[in-house]
Structures are given as C-alpha cells and as structure tokens.
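>
In full-length UniProt numbering, the protein residues as written are 1 to 118.
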C-alpha cells in the first residue's frame, strides 16, 4: 500500500521528511497541498490532520503530522538498520538532541529576529 505524504515543495519540514524517506529507501506518493487555495482547510484534510498543517503522512489510514514525528516513525517502522535512528537510548538521545535543535534554538532565533525586525 502506498504511503502518501501531503506536502508543499520547498517547505523545510517537508524536505526533512523527504530526505529521511530517501535515506531509508522508502517510496512516498507525494501529494502537493495548495495552501493558497485552502486545501489544508477542507474537511477531508482536517479529518487526517485537525491542526491542518503540512507535512501530513497517510500510511494506510494511519495519519501522522509534525515532521519530526513522521521522520522517527519512518525510521522505526521502515528502517532496515538502526544506524539512522538507533535503538540504544543514549545513542538515540544524541540523535534526538540534534533533531530538535532547530525547533528550540535555530527557529527561535530566526523568529526572534524577524518578528522583532524594525
């Protein structure tokens, strides 16, 4: 059964999921979501993702959103080895530390700069 990824070309979170899938050799059926026309606000999309955000994954009726959750799910579900997302808690914690860096540090810095830009 194909895995559908609802995404927007060029979106950093979507690109991160695409890179993870490529590293895992997981084929995704890409479905572009047109935010400008409100596709993400349609009832059928909100049924999959009540937060109406992208990326959103549909793996045979299992819906998942938030890029980091999707990436770790793909690694856990389809990873042939654990080199990308280790099973060992200490090794995994180091991967998680780097995985969440952009969310808590990098994007916050961007946001602080651009939101408060004179």
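In this text, a Cβ means the ideal position worked out from N, Cα and C, and glycines have one as well.
#1: For residue 41, which residues in the same chain have their Cβ closer than 7 Å to its Cβ, ignoring the five residues on either side in sequence?
#2: Is the beta carbon of residue 67 within less than 6 Å of some heavy atom of the ligand MG?
#3: Take residue 67 as the anchor and find which of 115, 2 and 20 has the nearest alpha-carbon.
#4: Whole angstroms is fine: what's the gap from residue 96's alpha carbon to residue 72's?
#5: Following the continuous alpha helix (DSSP H) through residue 94, name the residue where it begins and the one where it ends.
#6: Rounding to the nearest angstrom, what Cα-Cα distance links residue 13 and residue 6 in this structure?
Result, derived from the coordinates:
#1: If we look at residue 41 and ignore the five residues flanking it on each side, its Cβ neighbours are 52.
#2: For the ligand MG, the structure offers nothing, since it holds no ligand at all.
#3: Across the set 115, 2 and 20, the C-alpha of 20 shows the shortest separation from the C-alpha of residue 67.
#4: Going from the Cα of residue 96 to the Cα of residue 72 covers about 9 Å.
#5: Note, residue 94: alpha helix (DSSP H), 89-99.
#6: Per the coordinates, the alpha-carbon of residue 13 lies some 12 Å from the alpha-carbon of residue 6.
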